[in-house]
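Report on the following structure.
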Amino acid sequence: VQLQAFGGGLVQPGGSLRLSCVASGGDGRSDRMAWYRQAPGSQRELVAQVTHQGIAEYRASVQGRFFASRAYGNTIYLQMANLKPEDTAVYYCNLNYYTDDPNYNYWGQGTLVTVSS
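Written out as C-alpha cells, the structure is:
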C-alpha cells in the first residue's frame with residue numbers, strides 16, 4: 717500500500733486549507749484512513765480518522781473546525797477551517813486495518829501546514 721498526500725501550504729490564522737491523500741494497493745472495503753500530525757518537538761498525534769463505512773472521529777482540539785471524509789474507497793480528505801497557529805505541523809495520512817500493528821499501518825510522506833501571519 718502506498719499513500720500520497722497533497723495540499724499543504726502556508727495559510728493565515730483563520731484561513732482554510734484542504735488536504736488530500738490517495739492510497740494505492742488497499743482494498744477500500746476493510747481499512748480505516750486517518751490524518752495524523754507532528755509539530756516540531758512534539759509527538760505525532762491523531763487528528764481525524766474515517767472508517768471504511770465513512771464514520772469520522774476527531775481529536776477535541778479540531779472538532780468543529782476540521783472535517784474528514786473519504787471518497788472512491790481509497791481517498792481521504794481533510795478540510796480545515798479557522799486554522800490556528802497551533803495547527804502548524806507536518807500532516808501525515810495513514811491507512812490501517814483497525815490495528816496498531818505496524819505491519820498493518822501504512823504512511824504517506826507528510827505535507828507541511830504552516831499557519832502564520
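Numbered by the working numbering, the letters in the sequence shown go through residues 717 to 833 in order.
No residue lacks a Cβ here, since even glycine has one placed at the ideal position from N, Cα and C.
Residues in its own chain within less than 7 Å of residue i by CB, not counting five upstream and five downstream?
{"i": "leucine 733", "result": "Gly723, Gly725, Val727, Met796, Leu799, Val829"}
{"i": "glycine 742", "result": "Val717, Asn790, Leu811"}
According to the neighbour-count rule (16 or more other Cβ atoms, all chains shown, within 10 Å of its Cβ), is residue i buried or exposed?
{"i": "arginine 753", "result": "buried"}
{"i": "asparagine 810", "result": "buried"}
{"i": "glycine 824", "result": "buried"}
Does residue i come out as helix, strand or coil in the three-state DSSP assignment?
{"i": "tyrosine 814", "result": "coil"}
{"i": "serine 758", "result": "coil"}
{"i": "alanine 764", "result": "strand"}
{"i": "asparagine 798", "result": "coil"}
Since residue i sits in a beta bridge, which residues does DSSP pair it with?
{"i": "serine 740", "result": "Gln718"}
{"i": "tyrosine 850", "result": "Residue 850 lies beyond the range of the chain shown here (717 to 833); nothing can be said about it."}
{"i": "alanine 750", "result": "Gln765, Asn810"}
{"i": "glycine 725", "result": "Val829"}
Less than 8 Å between C-beta atoms, sequence neighbours within five positions excluded: which residues of the same chain meet that for residue i?
{"i": "arginine 775", "result": "Glu761, Leu762, Val763, Ala764"}
{"i": "arginine 745", "result": "His768, Gly789"}
**OP:** Inspect the CB distances between the segment 774 to 787 and the segment 812 to 821 and report whether three or more fall short of 8 Å.
**Re:** Fewer than three beta-carbon pairs drawn from the segment 774 to 787 and the segment 812 to 821 are found closer than 8 Å, and the two stretches are therefore not classed as touching.
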